Structures are given as structure tokens and as C-alpha cells.
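These notes concern the structure reproduced below.
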Amino acid sequence: MSLLLELRDIRVSYGKAEVLHGVSFGMERGKIVTVIGANGAGKTTLLNAAMGIVPSTGTILYEGAAVPATVEARVAAGMCLVSEKRELFATMSVEDNMELGGFLRSGVERAETLADLYQRFPRLAERRKQLAGTLSGGERQMLALARALMSRPRLLLLDEPSLGLAPRIVAEILGIVSELRMAGVSILLVEQNARAALEIADEAHLMELGEIRRSGPAASMAADPAVVESYLGTGA
Amino acid sequence: MDSTILAFLVQDGLTNGAIYALLGLALVLVFAVTRVIFIPQGEFVAYGALTLALLDTGRMPGTALLLLCFGLAAFLLDLWSMRHRPRIGEFSRSVLVNLVLPVAIYGATWILAPMQLNAAVKALLTMAIVAPMGLYVYRIAYRPLADASVLVLLITSVGVHLAMMGLGLVFFGAEGLRARPLSGGSFMLGFLPIPAQALWIYGCTIAAMVGLYVFFEKTLLGKALRATAVNRLGARLVGVRTQLTGGTAFILAATIGAVSGVLIAPITTIYYDTGFLIGLKGFVAAIIGGLASFPVTALAALGVGLVEAFASFFASNFKEIIVFTLIIPVLIWRSLTTDHHEED
Numbered sequence: 719m720s721l722l723l724e725l726r727d728i729r730v731s732y733g734k735a736e737v738l739h740g741v742s743f744g745m746e747r748g749k750i751v752t753v754i755g756a757n758g759a760g761k762t763t764l765l766n767a768a769m770g771i772v773p774s775t776g777t778i779l780y781e782g783a784a785v786p787a788t789v790e791a792r793v794a795a796g797m798c799l800v801s802e803k804r805e806l807f808a809t810m811s812v813e814d815n816m817e818l819g820g821f822l823r824s825g826v827e828r829a830e831t832l833a834d835l836y837q838r839f840p841r842l843a844e845r846r847k848q849l850a851g852t853l854s855g856g857e858r859q860m861l862a863l864a865r866a867l868m869s870r871p872r873l874l875l876l877d878e879p880s881l882g883l884a885p886r887i888v889a890e891i892l893g894i895v896s897e898l899r900m901a902g903v904s905i906l907l908v909e910q911n912a913r914a915a916l917e918i919a920d921e922a923h924l925m926e927l928g929e930i931r932r933s934g935p936a937a938s939m940a941a942d943p944a945v946v947e948s949y950l951g952t953g954a
Numbered sequence: 003m004d005s006t007i008l009a010f011l012v013q014d015g016l017t018n019g020a021i022y023a024l025l026g027l028a029l030v031l032v033f034a035v036t037r038v039i040f041i042p043q044g045e046f047v048a049y050g051a052l053t054l055a056l057l058d059t060g061r062m063p064g065t066a067l068l069l070l071c072f073g074l075a076a077f078l079l080d081l082w083s084m085r086h087r088p089r090i091g092e093f094s095r096s097v098l099v100n101l102v103l104p105v106a107i108y109g110a111t112w113i114l115a116p117m118q119l120n121a122a123v124k125a126l127l128t129m130a131i132v133a134p135m136g137l138y139v140y141r142i143a144y145r146p147l148a149d150a151s152v153l154v155l156l157i158t159s160v161g162v163h164l165a166m167m168g169l170g171l172v173f174f175g176a177e178g179l180r181a182r183p184l185s186g187g188s189f190m191l192g193f194l195p196i197p198a199q200a201l202w203i204y205g206c207t208i209a210a211m212v213g214l215y216v217f218f219e220k221t222l223l224g225k226a227l228r229a230t231a232v233n234r235l236g237a238r239l240v241g242v243r244t245q246l247t248g249g250t251a252f253i254l255a256a257t258i259g260a261v262s263g264v265l266i267a268p269i270t271t272i273y274y275d276t277g278f279l280i281g282l283k284g285f286v287a288a289i290i291g292g293l294a295s296f297p298v299t300a301l302a303a304l305g306v307g308l309v310e311a312f313a314s315f316f317a318s319n320f321k322e323i324i325v326f327t328l329i330i331p332v333l334i335w336r337s338l339t340t341d342h343h344e345e346d
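In the order they appear, the protein sequences are chains A and B.
Positions in the first sequence are counted from 1; adding 718 to them yields our numbering.
Positions in the second sequence are counted from 1; adding 2 to them yields our numbering.
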């Protein structure tokens with residue numbers, strides 16, 4: 719079976735400084751793949767390169783072919799990034815944000831998906847007229863996720879969905895991510911919260927200083943002494 | 003000054019202010035969506051006015067040929083950017099938008115120009131000729147610079163303004179023209195005669211504002227433009243192409259310019275370079291609105307019109323100076339009250 723996403727020797731430089739030094743891995747359909755690592759390891763840069771927000775060298779294959787050139791074309795091809803900064807439209811209503819998430823879909827599909835997502839995220843349905851900028855941190859993350867789902871993505875790139883959120887909300891959001899996998903969405907999850915990420919992921923890659931250091935099934939990574947010591951804490 | 007003069011000045015100020023309001027809105031729109039300070043906005047006014055005036059005399063307006071040239075240039079640029087990755091869909095779209103459309107408009111103008119058309123048809127034809135130029139100007143000058151800084155885009159705008167003014171001289175010549183009013187006569191409001199053309203101006207301004215409001219609040223494309231203004235990256239992440247919003251903003255701006263030109267052509271003589279000064283007054287209003295607020299811009303534009311009317315009565319030699327001086331206290335106030343952001 720062909721891979722959904724394949725990264726080969728991806729390198730990214732900011733000015734003269736190279737921050738990703740040839741990252742390669744592939745992910746299969748219907749899987750949750752997580753990239754864990756410390757702050758500054760290059761995880762966000764990797765997602766941004768996969769989405770086309772930052773220029774990179776190397777090869778990115780999506781559904782077996784070269785990935786489209788622009789961010790917008792990648793969205794049209796079924797990729798969707800939920801950025802660490804959420805990138806919501808703060809001065810527009812929750813509903814407008816959601817509708818724009820389905821910008822490339824037909825009116826009928828948009829209405830259907832919107833109704834579905836309001837059922838899954840009742841909090842957003844309650845606040846549909848509220849401005850996105852006035853939501854709480856957890857609600858904003860929900861909205862960012864829901865807006866991404868409005869495009870009916872086949873590959874969801876999630877950047878630090880737990881960042882700055884209370885543990886209860888983190889659990890809720892990661893629960894939704896697991897459900898999405900059941901619904902057939904493949905997910906590339908970047909997380910500093912390694913413990914939570916490894917719990918829901920199928921495969922994991924450990925990133926340090928712009929390189930992949932270890933890879934393997936999430937369960938065995940969670941048991942790997944080096945990972946445990948540096949990223950999960952020995953007391954757990 | 004008695005109440006009659008006062009009433010005349012107010013009416014004059016509101017009439018001009020309504021035009022400035024339209025232009026101010028276009029400037030805010032283009033800046034919010036594309037970060038371009040659109041100095042050539044005034045050229046579209048001049049093109050619109052001169053096109054209408056020439057159609058009045060039954061002659062072929064130079065803008066029709068200019069439109070063909072713009073379309074051809076845009077087409078060649080499209081070809082150049084497709085040289086590595088030719089795509090049949092993009093190519094046929096480019097042929098349609100950049101070649102077929104201007105040729106069709108040119109053909110329609112060629113047939114219609116010599117006929118004695120009624121005023122509304124001439125006004126629509128004028129808009130059909132001028133509005134697509136917004137798209138081509140965007141394609142030729144701004145689209146390749148989508149990621150450039152505001153300063154680079156501003157310098158580009160100065161260049162586009164000078165080029166379009168020069169082309170105006172080539173295609174229209176140096177003499178001024180005036181169009182016939184859309185409808186003649188006037189109405190009495192108490193002792194004050196209101197020319198029918200002024201009513202057209204008020205009506206069109208209000209209609210344009212309502213139209214823009216509905217577009218931005220109710221349509222998905224309008225929301226996409228607002229989204230781009232609020233969060234450029236966020237808009238790209240939901241699949242809104244910068245080229246789509248940029249092109250739409252420029253078409254709207256050019257349409258507003260053409261409408262303003264059609265409205266103003268019967269009340270003042272327009273030369274190839276008159277547009278700049280008119281656009282600059284819309285710019286004063288847009289600056290007062292912080293290049294962000296549509297309602298403040300519209301109110302400020304009416305204020306600019308009124309100040310201009312009274313200044314031309316009390317100190318006609320200094321009327322432009324007085325109008326443009328308005329901007330200074332606003333800039334000082336803004337620099338004191340807003341946080342300074344380094345451009346990202």
C-alpha cells in the first residue's frame with residue numbers, strides 16, 4: 719500500500735542557519751503519527767514545510783505524487799494544518815470562521831459538515847455568533863480544529879494542540895483526535911506533551927536539533943529508556 | 003455669509019464628499035486585503051470620466067484599446083509564469099480572462115460607441131471597460147510582489163500611478179473633457195435647487211455602500227476577503243488563494259473608481275491627471291479611518307468634502323492646502339494613541 723505522505727531529506731534554512739537537516743519518514747493512511755521532541759527541535763518547522771508555509775528542499779510525496787506547490791493547492795488536495803498559533807479570524811464570528819474552513823467545498827457539503835461539527839462541538843454551536851477573538855483558549859483550539867475539519871481533510875497536520883491548555887481540555891481534544899482516526903482521517907501530530915501524544919499515536923518519531931533520532935511504534939517508544947528519561951520523566 | 007450660501011456650500015461639500023467616500027472605501031478595501039496603498043485609484047476615476055465623455059461624443063474611447071494592451075500584458079505574464087509547468091486549465095482560463103474578455107468589450111464598444119445610447123447604457127459600458135483594468139493592474143504590477151513589504155508595494159503604487167497617468171495622456175490627450183449629466187434638470191428643496199446629478203451621486207454612493215456591506219457580510223467570497231484582511235496566513239490555511247482575494251479587491255476598487263468617474267464627469271472638467279488629486283482626497287479620508295474602518299472613512303470623506311467647500315469659499319487659494327493639512331493632526335493623534343508595530 720502506498721504511503722499517504724512521504725518526506726525525503728527535507729531541509730529548511732532560516733537565512734544561513736539550517737534548522738532541519740534532512741528529515742525523512744513516511745506515514746500510512748489511517749494512522750496517527752506523532753513527532754515528539756523538545757522546544758526548538760524543529761517540529762513546527764517540519765509541519766510548516768510539509769504544508770508549504772516555509773520553503774524547503776527535498777521531496778514531499780502526497781498520495782504517491784509530488785505535493786502541490788502552494789499552501790492553498792495543498793488544502794485543495796486534502797491536507798490541512800492546525801497551526802500552533804490557531805490562526806483564527808479573531809474579529810469574525812465563530813460561524814464565519816467555520817464557513818471559511820469549508821471555503822473550497824460546495825454549499826451543500828459546507829452546510830452538512832457544519833451541522834455535523836456543531837453536534838460534535840456543542841460549545842461552538844452555542845457560541846456561533848460570538849467573535850472568535852473572545853473565546854477561551856480551549857474553545858479557540860476547538861474552533862481551530864473544527865475549522866480545519868470543515869475542509870474534510872484526508873491528512874490533518876496538528877501542531878501542539880495541547881499548548882497552553884488545561885489537562886482536562888487536552889484530554890478532550892486528544893479524544894477527538896482519536897475519534898477522527900476512526901473516521902478515516904490520517905493525522906500527523908506534533909507535540910511537546912510526549913506522554914499524551916504517545917498514548918493516542920500508532921507511530922512516533924523523536925526529533926532533536928532538526929533531525930529524527932529515533933522512530934518506532936508509539937508503544938515501544940513509550941517504553942524506550944532514552945525517551946522515558948528525557949521526555950516522559952522517570953517517576954511516571 | 004447668509005443661509006443660502008451656507009446651504010449651497012453644504013450641498014457642494016456633501017456631493018464631493020460622497021465621491022471621496024467611495025474612493026476612500028476602495029482604498030481601505032485594497033489596503034486591508036492586499037496591504038497595497040493604492041495611489042492609482044484616482045487614475046480609474048479619470049479613465050472612467052474620460053471614457054464616458056468620449057462615449058457622449060460618439061467617439062471610441064482610448065481606454066478600450068488600453069484594455070486590450072493590459073489584457074495582452076497580463077496574458078504574456080501568465081504564459082511566462084507557466085513556462086515550467088504548463089497546465090491546460092490555467093492556460094484556458096488565462097486566454098478567457100486576458101484575451102477573450104477585453105476583445106469582447108472592445109468589440110462591444112466599437113459597435114455601441116457611434117450609436118446615440120442612453121446615459122445608463124453609456125455608464126455601464128464605461129464600467130465594463132474600466133473595471134477589468136483593476137484585475138490586469140493587479141496581475142501585472144502587484145501579484146508578483148504578493149509577499150513584499152508595505153513599503154515596496156507603496157513604491158510600486160507610485161510607479162503604477164505615474165505609468166497610468168502617462169498612458170492617460172497618450173490615450174486621451176491633454177485636453178479636458180466633460181460628460182453630459184446622467185439626467186438633466188434639478189429639484190427644489192425649499193429655496194435650494196438640487197441638481198439631478200447630485201441625487202445620482204448620493205444614490206450611487208449609498209447603493210455602493212449597501213452593496214459592499216452585503217458582499218462582505220453575506221457572501222462567502224466577501225467573508226474570504228475579510229478573513230484575508232484579518233489573518234493572511236489563516237486565510238491561506240483554509241484554501242483562500244491570495245490571488246483570488248487580491249484580484250477581487252482590485253476589480254472592486256477599479257469598479258468604484260469607474261463609478262466615481264461616471265458620477266463626477268458631468269460636474270467638473272476632467273483631465274488625464276485630475277484623478278490623482280481626487281483620489282488623494284479619498285486618501286485623506288482613508289487615513290483618518292486608519293486604513294481600516296469603513297464607517298469612519300465614509301464620515302471623514304464627507305468632512306473632507308465640507309471642509310473643501312468652505313475653504314474654497316473663504317480662502318479659495320488655499321483650499322487644497324487646508325484639506326491636506328487635515329491629515330497632520332490625525333497622524334499626530336494616531337502616532338500618540340496607537341502602539342507602534344514594526345512591520346513584519
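Each residue gets a CB set at the ideal place from its N, CA and C atoms; glycine is no exception.
Here the structure is a predicted model, which is why all the values come from computation and not from measurement.
Asked                                                                                                                                                                                     : Found
If we count the other Cβ atoms within 10 Å of its Cβ and call it buried at 16 or more, is Arg726(A) buried or exposed?                                                                    : exposed
Give every residue of the same chain whose Cβ lies closer than 6 Å to the Cβ of Leu11(B), excluding the five residues on either side of it in the sequence, and list them in chain order. : Ala311, Phe312 and Phe315
Under 7 Å, Cβ to Cβ, is there at least one residue of chain B near Ala794(A)?                                                                                                             : yes
Relative to the alpha-carbon of Gly26(B), which residue among Phe296(B), Asn319(B), Val47(B) and Arg336(B) has its alpha-carbon at the smallest distance?                                 : Phe296(B)
Scan the segment 859 to 870 of chain A for residues whose Cβ lies nearer than 7 Å to a Cβ of chain B and list them as they occur along the chain.                                         : Arg865 and Ser869
Taking just the CA atoms, how far does Pro116(B) sit from Ala165(B)?                                                                                                                      : 29 Å
Under 8 Å, with one C-beta from each stretch per pair, do the segment 826 to 842 of chain A and the segment 860 to 870 of chain A reach the 3-pair mark?                                  : yes
Work out the CA separation of Thr158(B) and Phe93(B) for me, nearest whole Å.                                                                                                             : 27 Å
Would you say Asp814(A) lies against chain B (beta-carbon separation less than 7 Å)?                                                                                                      : yes
Decide yes or no for the touch test of the segment 917 to 932 of chain A against the segment 891 to 902 of chain A: beta carbon pairs closer than 8 Å, at least 3 of them.                : yes
Residues of chain A with CB under 8 Å from Leu69(B), in chain order?                                                                                                                      : Those do not exist, as Leu69(B) stays about 29 Å from chain A at its closest Cβ, beyond 8 Å.
Taking the alpha-carbon positions, what's the Arg747(A) to Ser904(A) distance?                                                                                                            : 6 Å
So which of Leu927(A), Ile778(A) and Thr752(A) has the shortest CA-CA distance to Gly758(A)?                                                                                              : Leu927(A)
Any contact between the segment 256 to 271 of chain B and the segment 188 to 205 of chain B? By contact I mean 3 or more CB pairs, one from each, below 8 Å.                              : yes
For Gly236(B), which residues in chain A fall below 7 Å Cβ to Cβ?                                                                                                                         : Glu805, Leu806 and Phe807
If you measure from the beta carbon of Gly263(B) to each beta carbon in chain A, is any gap under 7 Å?                                                                                    : no
Just to confirm my understanding: we take Ala808(A), look at its own chain, exclude 5 residues before and 5 after, and list those with CB closer than 6 Å. What are they?                 : Ala850 and Gly851
Starting from Glu724(A) and walking both ways along the beta strand (DSSP E), at which residues does that stretch end?                                                                    : Leu723 to Tyr732
If you reduce the DSSP assignment to three classes, tell me which class Gly776(A) lands in.                                                                                               : strand
Buried or exposed for Phe189(B), going by 16 or more other Cβ atoms inside 10 Å?                                                                                                          : exposed
By DSSP's criteria, Phe189(B) is part of a beta bridge. Which residues make up the other side?                                                                                            : Ile196(B)
In chain order, what residues of the same chain lie with their CB nearer than 8 Å to the CB of Gly782(A), ignoring the 5 residues before and after it?                                    : Ser720 and Leu721
Are the CB atoms of Asp814(A) and Lys225(B) within a distance shorter than 7 Å?                                                                                                           : yes
One question on the structure: do Asn822(A) and Ala843(A) come within less than 7 Å of each other, judged by their Cβ atoms?                                                              : Rather than Asn, the amino acid found at residue 822(A) in this sequence is Leu. Contact: no.
Of all the options Gln13(B), Asp14(B), Asp4(B) and Ala20(B), which has the alpha carbon lying nearest to the alpha carbon of Gly281(B)?                                                   : Ala20(B)
Roughly how many whole angstroms lie between the Cα atoms of Leu819(A) and Asp80(B)?                                                                                                      : The displayed chain sequence assigns Gly, not Leu, to residue 819(A). Taking the straight line joining both Cα atoms gives about 29 Å.
Starting from Val789(A), find everything on chain B with Cβ-Cβ shorter than 7 Å and list it in chain order.                                                                               : Arg238 and Leu239
Answer with buried or exposed for Gly263(B), where buried requires no fewer than 16 other C-beta atoms within 10 angstroms of its C-beta.                                                 : buried
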